[in-house]
Amino acid sequence: MRKEFKKLMVIGSGPIVIGQAAEFDFSGSQACKSLREEGYKTVLVNSNPATIQTDLDMADAVYIEPMTADIVAKIIEKEGVDGIMAGMGGQTALNICSELAENGTLDRLGVTLLGTQPEAIAKSEDRELFKATMEAIGEPVPLSRTCTSIEEALEAVEYIGRYPVLIRPAYTLGGTGGGIAYNEEELRDICGR
Numbered sequence: 003m004r005k006e007f008k009k010l011m012v013i014g015s016g017p018i019v020i021g022q023a024a025e026f027d028f029s030g031s032q033a034c035k036s037l038r039e040e041g042y043k044t045v046l047v048n049s050n051p052a053t054i055q056t057d058l059d060m061a062d063a064v065y066i067e068p069m070t071a072d073i074v075a076k077i078i079e080k081e082g083v084d085g086i087m088a089g090m091g092g093q094t095a096l097n098i099c100s101e102l103a104e105n106g107t108l109d110r111l112g113v114t115l116l117g118t119q120p121e122a123i124a125k126s127e128d129r130e131l132f133k134a135t136m137e138a139i140g141e142p143v144p145l146s147r148t149c150t151s152i153e154e155a156l157e158a159v160e161y162i163g164r165y166p167v168l169i170r171p172a173y174t175l176g177g178t179g180g181g182i183a184y185n186e187e188e189l190r191d192i193c194g195r
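Right, dumping it as structure tokens:
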């Protein structure tokens, strides 16, 4: 990490979601500890007051605020943050940092996104972009289709040729909302969520 950074922000994962909480709480708190040991000032943002991260000794400044790009931008401006880490906050932090990069806030405020960059986040979340990226480098990918309706999903099964099929929503790395369908009834159920 470049030594010219003075104040770094760690974004937590926000409210507890089944399957996404403990690992981000632990990694975020360890990141704050490590950054402080290295001499960086730290700012933590998390909307969940019941995490280890939001202990007042965990960071130099702790914000228990709603997890939105607008609020995080205001905190960045107020605190004079020059680097931000999204990798410790799961989907919530990735979404916030992607939005801050897309709307120009990070550039406008001179903030460097540390870790996974917006382009890589987009390639991993957008199923078509991911597929195109893998094909461009010669990696095999399973037969797949992007669908926006149950009818399109049924057509995709015909294209693929058989059940079971894996259903993955776009723009979620954790897989929330997906599943494996072994027949049409299960496919309709998963796609109807």
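Counting the sequence shown from 1 gives a position; this note's numbering is that position plus 2.
Every residue gets a Cβ at the ideal spot worked out from N, C-alpha and C, and that includes glycine.
Contact set for residue 49: own chain, Cβ-Cβ below 8 Å, skip 5 residues either direction: 14, 16, 17, 66, 67, 68 and 69
Are the CB atoms of residue 61 and residue 34 nearer to each other than 8 Å? Against a cut-off of 8 Å, the Cβ pair of residue 34 and residue 61 comes out as a contact.
Name the DSSP beta bridge partners of residue 56, please? Residue 56 pairs with nothing; no bridge assigned.
Through-space distance from residue 158 to residue 182, alpha-carbon basis: Their Cα atoms are separated by approximately 14 Å.
In chain order, which beta strand (DSSP E) runs of at least 3 residues are fully inside the segment 88-152? As for any beta strand (DSSP E) of minimum length 3 sitting wholly inside the segment 88-152, the runs are 114-116, ordered along the chain.
Do you know how far the Cα of residue 132 is from the Cα of residue 172? 10 Å
Given a threshold of 16 other Cβ atoms within 10 Å of its Cβ, counted over all protein chains shown, does residue 72 qualify as buried or as exposed? exposed
Tell me which residues share the same chain as residue 135 and place their Cβ nearer than 7 Å to its Cβ, disregarding the 5 neighbours each side in the sequence. Within the same chain, residue 135 has close Cβ partners 125.
Local conformation of residue 167 per DSSP, three classes: strand
One or two residues paired with residue 43 in a DSSP bridge: 9
Range covered by the alpha helix (DSSP H) that runs through residue 78: Residues 71-81.
How far does the alpha helix (DSSP H) with residue 192 in it extend, from its first residue to its last? If you look at residue 192, you'll find it in the alpha helix (DSSP H) that goes 186-193.
Quick one: residues in its chain with C-beta nearer than 7 Å to the C-beta of residue 53, no 5 flanking neighbours on either side, listed in chain order? 14 and 27
Report the rounded CA-to-CA distance for residue 87 versus residue 115, giving the unit in angstroms. 6 Å
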